[in-house]
Amino acid sequence: MKQNEGRREALAAAAAAIAATLVFLACQRLLEPKYMDEIYEGAMMREYYDEELSHDVIFVGDCEVYDNISPVALWEGYGITSYVRGGPNQLAWQSYAIIEDTLKREKPKALVFSVLALHQGEPESEPYNRLNLDAMPLGTTKYRAVKASMTPGESVVDGLVPLLRYHSRWQDLNASDFTYFFNPDEVSFKGYMMRADVKPVGVIPRARRLQDYSLPETSMEYLDKMAALCKSQGVPLILYKAHSIYPHWYPEWDQQIKDWASKNNAGYVNLLEVPEQTGIDLNTDTYDAGLHLNVYGAEKAALFLGKYLSENYGMAGHRGEEAYEAEWGQTALEYHEFKALQERQVSTSGKISAFKR
Amino acid sequence: MFLALAMAIYFFAAKKARWIALLVLSLAFYVGAASAKLALAMAGMSLWAYLAGLAIREFGIDEEGAKNLPQKKRLIATIAILFEAGILIALKENAFFVTNANLLLGLSLPFPEWVAPLGVSYYTLMLIGYICDVHWEICQAEKNFFKFLLFTCFFPQMLSGPISRYGDVKDQLFEGNAPSLRQISLGFSRIAWGYFKKVVVADGLALVVGYIFQDFNQSRQLLLLGAFCYSLQLYADFSGLMDIVIGIGSLFGVKLPENFRQPFFSASLSELWQRWHMSLGVWLRNYIFYPFQKSKRMAKVRALAEKAGGRRAGGEASKLLSLLVLWVSIGFWHGGTWKYIFGAGLFFFAMISLGIALNPLSKKVRKLLRINPNNVPFRIFQSLRTFVLFSISISFCRMGSFRTGISYWQSVFSNIPSQRFWSASLLEAISLKELFVVIAGLAIMLLVSVFQLNKDIEEFFQNHASVRWAAFLSLAFAAIIFGFYGIGYNAQDFIYGDF
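Quick note, the sequences are listed as chains A and B, same order.
Quick note on numbering: the first sequence equals residues 32 to 388 in this note's numbering.
Quick note on numbering: the second sequence equals residues 372 to 870 in this note's numbering.
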């Protein structure tokens with residue numbers, strides 16, 4: 032009798048544990064923002080985990096990568112496969128975590144890190160932290176990144192368990208949360224967010240004088256860690272500065288990066304220094320007056336990088352390989368269709384209305 | 372995390388060593404929550420009570436073996452109690468004495484910057500209770516100091532009670548019984564219920580109360596709503612905390628005393644205080660009210676009153692005087708400022724005394740109007756009346772000072788015709804959807820309270836495993852999803868953690 036009762040209790044406990052797990056996962060999925068109606072950058076980070084084929088190059092960093100480099104152009108020009116694991120205002124320690132996470136999944140032939148974020152030595156914004164880290168699977172890498180990124184008032188648990196962070200979204204649930212519960216749309220082209228509109232550079236804001244031009248110690252420590260990690264995995268680390276005129280990239284910062292790259296035997300490409308070679312013209316190749324490149328600028332940047340990678344790192348690409356051709360061919364087709372759509376929107380209404388792929 | 376670790380350690384420890392595991396965990400918890408220094412202070416106070424217990428037992432035996440010489444025992448108990456109470460008063464209530472001495476005597480004494488050990492208001496009462504119980508031979512003195520230390524600092528209860536008696540919990544604490552799966556699920560259900568009350572109801576009401584009380588220039592109805600909401604917030608907050616504490620206790624096989632029994636169903640304030648913070652009420656009744664009433668001085672007062680006004684007057688006088696001491700003690704325990712002494716003490720004394728004085732008249736009125744005291748509408752009327760009186764009084768505890776409390780009630784009774792009852796800007800503090808959640812939470816609490824009037828909910832859950840687990844999951848997820856916590860909300864500490 033007692034034994035039966037014990038068995039019943041154990042069964043009830045097991046059923047409750049299963050129900051708790053399912054309800055937890057369902058609530059978490061429902062309440063997390065899907066980023067399907069706006070702030071598409073939030074959805075972009077998750078898409079990397081759906082990739083089946085490996086990549087030759089992984090780009091990490093802030094908008095200087097996800098707005099400024101077109102992986103499709105890199106494929107079409109050189110057959111090099113790449114993915115942009117960039118996020119808004121991605122900080123050095125977040126880039127480090129993303130590199131660590133990438134190297135657990137694949138071993139690219141090169142990792143390209145955008146150096147602009149190195150000037151930020153402190154976490155700044157909780158929402159940006161979430162956009163960069165929420166999609167990363169639970170684990171020690173995520174734990175360390177969340178801890179390093181915390182702003183005052185944030186807690187590690189909120190960063191690790193999305194349900195605790197987004198629980199109050201029950202008030203803001205809309206049709207999109209249910210529509211995209213299982214299958215959210217793809218928003219990017221291999222991590223690249225396309226913009227085909229043009230806003231030429233007007234008045235260039237004057238650079239503010241700084242009291243101290245040293246890049247923050249915390250960021251540089253993470254750069255050292257990136258170098259050590261890449262070295263331990265035998266993956267070359269390349270530093271990259273996009274062709275954007277704001278935020279200002281000071282010559283003093285540039286010199287520090289050059290010194291660091293030469294000391295650590297890392298590559299460094301500053302697109303601001305080679306406009307003739309890239310062909311980027313900020314009268315036609317930017318959509319917001321020089322902050323970010325549009326698709327024309329991003330394609331030029333990608334082609335320049337393709338040449339640099341093949342010449343300096345001997346990357347031959349995957350042209351002729353069936354699986355790659357099939358997947359990248361399809362992506363390229365959709366890429367050009369979407370580009371044409373945006374171009375039509377610009378020519379008819381003067382602005383873009385479709386931002387999501 | 373700590374709870375999961377503590378449970379694992381407790382379960383994997385040998386039965387005989389479980390109380391040691393609990394002691395180490397409790398001390399670690401205390402050091403983590405406070406500091407090693409304050410943990411030492413707490414252990415010192417515990418050591419004093421422990422030695423007093425031994426001394427009462429040992430020194431009360433003379434050379435011939437005749438047990439318990441009363442004078443010696445009383446002297447030891449008195450010194451020990453004065454020491455413990457003295458520390459509590461010096462650490463927690465020094466501001467009261469300094470402020471009033473400066474005010475009344477024109478002095479400018481500085482305020483001592485002493486840090487009170489965490490939970491001192493609760494465990495000091497447990498230690499004093501222990502000394503009294505040993506002195507009155509209600510329980511045996513504990514011989515093992517470390518066991519006694521565990522009684523003092525058992526981690527679920529030490530920060531906010533309930534105030535337990537040594538004799539009631541010692542066996543459960545030291546036997547090291549592992550709870551069954553059923554008891555564990557009951558414990559988790561209780562914890563989930565506590566969190567639901569805290570993060571959904573109390574913290575939601577805190578937004579409403581905070582908004583209303585920040586500016587007294589509002590309609591009187593809204594101001595009154597603030598007072599009523601504060602009472603409900605305090606109840607949800609404190610009873611929620613007790614559910615969590617009792618639930619955690621049961622995970623370690625320890626059944627801690629209940630602290631609430633549907634207080635807002637009380638017909639009178641004195642009944643309410645028998646159902647609200649019951650362990651404090653029981654403590655004050657056992658160790659202050661009865662001893663005071665049975666004291667020789669009180670007998671003299673009774674005799675004097677009897678001479679002047681007859682036998683009944685003697686009884687009433689001694690009762691009122693004892694009640695005054697009781698209520699001043701309750702107010703003073705909540706905090707050494709006039710807002711607590713009045714709001715949690717003297718106002719209740721005044722209302723209860725008035726109730727006693729008017730009781731014959733109210734009986735006559737009931738008879739005249741042919742009101743059956745047991746009929747439901749009349750019971751509801753009595754409960755509402757009690758709730759309103761309780762809210763008036765306890766609202767002082769929410770204010771910055773006694774004076775602010777007075778100006779709040781002046782605002783309630785002054786007429787501000789331009790202000791409408793419903794202030795749309797209240798929605799800046801809490802959205803309509805959130806308000807609905809809070810009201811739904813209160814409705815669930817009411818339903819559970821009604822259910823508990825006739826049935827023992829724990830017994831019901833014991834026999835219905837599926838209902839128990841369903842309740843646990845529903846409450847846990849309701850607390851997680853609808854709780855007012857995290858980014859965007861100002862997390863609220865448990866109110867009774869401050870006392």
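Just so you know, even glycine gets a beta-carbon here, dropped at the ideal spot from N, CA and C.
message = Could you tell me which whole alpha helix (DSSP H) segments of length 4 or greater appear in the segment 636–706 of chain B?
response = The segment 636–706 of chain B contains these whole alpha helix (DSSP H) runs: 640–646, 649–655, 661–665, 667–680 and 682–705.
ask   = When you check each C-beta in the segment 38–57 of chain A against every C-beta of chain B, which residues fall closer than 8 Å?
value = Residues passing the 8 Å Cβ filter: R39, E40, A41, A43, A44, A46, A47, A50, A51, V54 and F55.
inquiry  = For the segment 248–271 of chain A, list every residue whose C-beta sits within 7 Å of some C-beta in chain B, in sequence order.
reply    = From the segment 248–271 of chain A, no residue has a Cβ closer than 7 Å to chain B.
Interface residues of the segment 474–500 of chain B facing chain A [CB-CB below 8 Å] = Those residues of the segment 474–500 of chain B that come within reach of chain A (Cβ to Cβ, closer than 8 Å) do not exist; the list is empty.
Segment limits, alpha helix (DSSP H) that includes K272/A = Position 241 of the first sequence, counting from 1, holds the residue named residue 272/A. Careful: K272/A lies outside any alpha helix (DSSP H), inside the beta strand (DSSP E) at L268 to K272.
ask   = Is W106/A buried or exposed, if buried means 16 or more other CB atoms sit within 10 Å of its CB?
value = Residue numbering aside, residue 106/A sits at position 75 when the first sequence is read from its first letter. With 16 or more Cβ atoms within 10 Å of its Cβ, W106/A is classed as buried.
request  = Answer yes if the segment 651–658 of chain B comes into contact with the segment 681–701 of chain B, meaning at least three C-beta pairs across the two stretches below 8 Å, and no otherwise.
outcome  = Using a Cβ-Cβ distance cut-off of 8 Å, the segment 681–701 of chain B and the segment 651–658 of chain B are in contact, since at least three pairs of beta carbons, one from each stretch, lie closer than that value.
query = Looking at the structure shown, is G565/B part of a helix, part of a strand, or coil, going by DSSP?
reply = Counted from its first residue, the second sequence places residue 565/B at position 194. DSSP, read as helix, strand or coil, puts G565/B in helix.
key: Sequence-distant residues of the same chain with beta carbon closer than 8 Å to A466/B, five excluded per side   = Counting from one through the second sequence, the residue named residue 466/B turns up at place 95. Within the same chain, A466/B has close Cβ partners F482, G707 and T708.
inquiry  = My parser needs the alpha helix (DSSP H) runs of 4 or more residues fully inside the segment 47–113 of chain A; what are they?
reply    = The qualifying runs are 72–78, 94–97 and 102–109.
request  = For A495/B, collect the residues of the same chain with a Cβ closer than 8 Å to its Cβ; drop the 5 residues on either side in sequence, then sort them by chain order.
outcome  = Reading the second sequence from its first residue, position 124 is the one you call residue 495/B. At residue 495/B the sequence reads Thr, which differs from the Ala that was named. Only M416, E455, A456, I458 and L459 meet the Cβ criterion.
query = Shorter than 7 Å from the beta carbon of Q59/A to some beta carbon of chain B?
reply = Translated into positions along the first sequence, residue 59/A becomes position 28. Not an interface residue.
query = At what residue ranges does the segment 464–502 of chain B contain a whole run of the alpha helix (DSSP H), taking only runs of 4 or more?
reply = The segment 464–502 of chain B contains these whole alpha helix (DSSP H) runs: 465–476.
key: Own chain residues within Cβ distance below 8 Å of P550/B, not counting five before or after   = As a position in the second sequence, residue 550/B is number 179, starting the count at 1. Taken in chain order, the residues that qualify are G558, S621, L622, F623 and G624.
inquiry  = Report the CB separation of D574/B from Y856/B in whole angstroms; it is logged as a contact under 8 Å.
reply    = The count along the second sequence starts at 1 and reaches residue 574/B at position 203. The count along the second sequence starts at 1 and reaches residue 856/B at position 485. Correct: roughly 7 Å between the Cβ atoms.
Contact check, K140/A vs D87/A, beta carbons under 7 Å = Along the first sequence, one-based indexing puts residue 140/A at 109. Along the first sequence, one-based indexing puts residue 87/A at 56. One thing to note: K140/A has its Cβ within 7 Å of the Cβ of D87/A.
request  = Using beta-carbon positions only, say whether A670/B and A676/B come within less than 7 Å of one another.
outcome  = In the second sequence, counting from the first residue as 1, residue 670/B sits at position 299. In the second sequence, counting from the first residue as 1, residue 676/B sits at position 305. No, the Cβ-Cβ distance between A670/B and A676/B is not below 7 Å.
inquiry  = Residues in the same chain with beta-carbon distance under 6 Å from A292/A, minus the five sequence neighbours each way, listed in chain order, please.
reply    = Within the first sequence, the letter at position 261 stands for residue 292/A. Spatial neighbours of A292/A in its own chain (CB-CB distance under 6 Å, excluding positions within 5 residues in sequence) are listed in chain order as L270 and Y299.
request  = Could you check the C-alpha separation between G265/A and K138/A for me, to the nearest Å?
outcome  = Translated into positions along the first sequence, residue 265/A becomes position 234. Translated into positions along the first sequence, residue 138/A becomes position 107. Roughly 9 Å between the two C-alpha positions.
query = Can you find a CB in chain D that lies within less than 7 Å of the CB of L552/B?
reply = You won't find chain D in this structure, because its protein chains are A and B.
inquiry  = Between which residues of its own chain and F761/B is the CB-CB distance below 7 Å, once the five residues before and five after are set aside?
reply    = Here residue 761/B corresponds to residue number 390 of the second sequence, with the count starting at 1. Taken in chain order, the residues that qualify are S602, L640 and L643.
ask   = Roughly how many whole angstroms lie between the Cα atoms of A877/B and V54/A?
value = The structure shown has nothing for residue 877/B, since chain B only spans 372 to 870.
request  = Mind listing the chain B neighbours of E157/A? Cutoff is C-beta to C-beta under 8 Å, in chain order.
outcome  = If you number the first sequence from 1, residue 157/A lands on position 126. Against chain B, the beta carbon of E157/A has neighbours under 8 Å at I858, listed in chain order.
query = Which residue or residues does DSSP assign as beta-bridge partners of V473/A?
reply = Here chain A covers residues 32 to 388 and nothing more, so residue 473/A does not appear.
ask   = Would you say V96/A and G117/A are within 7 Å of each other, going by their C-beta atoms?
value = Stepping through the first sequence from its first residue, residue 96/A is reached at position 65. Stepping through the first sequence from its first residue, residue 117/A is reached at position 86. Yes, the Cβ-Cβ distance between V96/A and G117/A is below 7 Å.
ask   = For G321/A, does the count of other Cβ atoms within 10 angstroms reach 16, so buried, or fall short, so exposed?
value = In the first sequence, counting from the first residue as 1, residue 321/A sits at position 290. With 16 or more Cβ atoms within 10 Å of its Cβ, G321/A is classed as buried.
task = Note down, one range per segment and in chain order, each alpha helix (DSSP H) of at least 4 residues found wholly within the segment 818–857 of chain B.
result = Fully enclosed alpha helix (DSSP H) runs of 4 or longer: 828–834 and 836–853.
ask   = Between the beta-carbon of W485/B and the beta-carbon of L462/B, is there less than 7 Å?
value = Against the second sequence, residue 485/B aligns to sequence position 114. Against the second sequence, residue 462/B aligns to sequence position 91. Cβ atoms of W485/B and L462/B: closer than 7 Å.
Cβ-Cβ separation, M257/A to L149/A (assumed contact under 8 Å), whole Å = Sequence index remark: in the first sequence, residue 149/A carries index 118 (1-based). Sequence index remark: in the first sequence, residue 257/A carries index 226 (1-based). For L149/A against M257/A, the beta-carbon gap comes to about 11 Å, at or over 8 Å, which does not count as contact.
ask   = Alpha carbon to alpha carbon, how far is M76/A from G190/A?
value = For the purposes of this step, residue 76/A is identified with residue 45 of the first sequence, where counting begins at 1. For the purposes of this step, residue 190/A is identified with residue 159 of the first sequence, where counting begins at 1. Rounded to whole angstroms, the separation of the alpha carbons of G190/A and M76/A is 15 Å.
Inter-residue CB distance, R175/A and A128/A (contact presumed, cutoff 8 Å) = Position 144 of the first sequence, counted from the first residue, corresponds to residue 175/A. Position 97 of the first sequence, counted from the first residue, corresponds to residue 128/A. That pair is a contact at about 7 Å.
inquiry  = Along the segment 805–834 of chain B, where does the CB come closer than 8 Å to a CB of chain A? Name the residues.
reply    = Taking 8 Å as the Cβ-Cβ cut-off against chain A, the residues of the segment 805–834 of chain B that qualify are E805.
query = CB-CB under 7 Å to A688/B, same chain, minus the five flanking residues each way: which ones, in chain order?
reply = As a first step, residue 688/B is located in the second sequence; it is residue number 317 there, counting from the start. Once the five neighbours on either side are set aside, the close Cβ partners of A688/B are V672, R673 and A676.
query = Q151/A versus chain B: which residues are under 9 Å apart at the beta carbon?
reply = Looking up residue 151/A in the first sequence gives position 120. What Q151/A touches in chain B: nothing, since even the nearest Cβ is about 21 Å away.
task = Using DSSP bridges, identify the partner residues of Y299/A.
result = For the purposes of this step, residue 299/A is taken as the residue at position 268 of the first sequence. Answer is L270/A, bridged to Y299/A.
ask   = Helix, strand or coil for A385/A per DSSP?
value = Here residue 385/A refers to the residue found at position 354 when the first sequence is read from its first residue. A385/A: coil per DSSP, three-state reduction.
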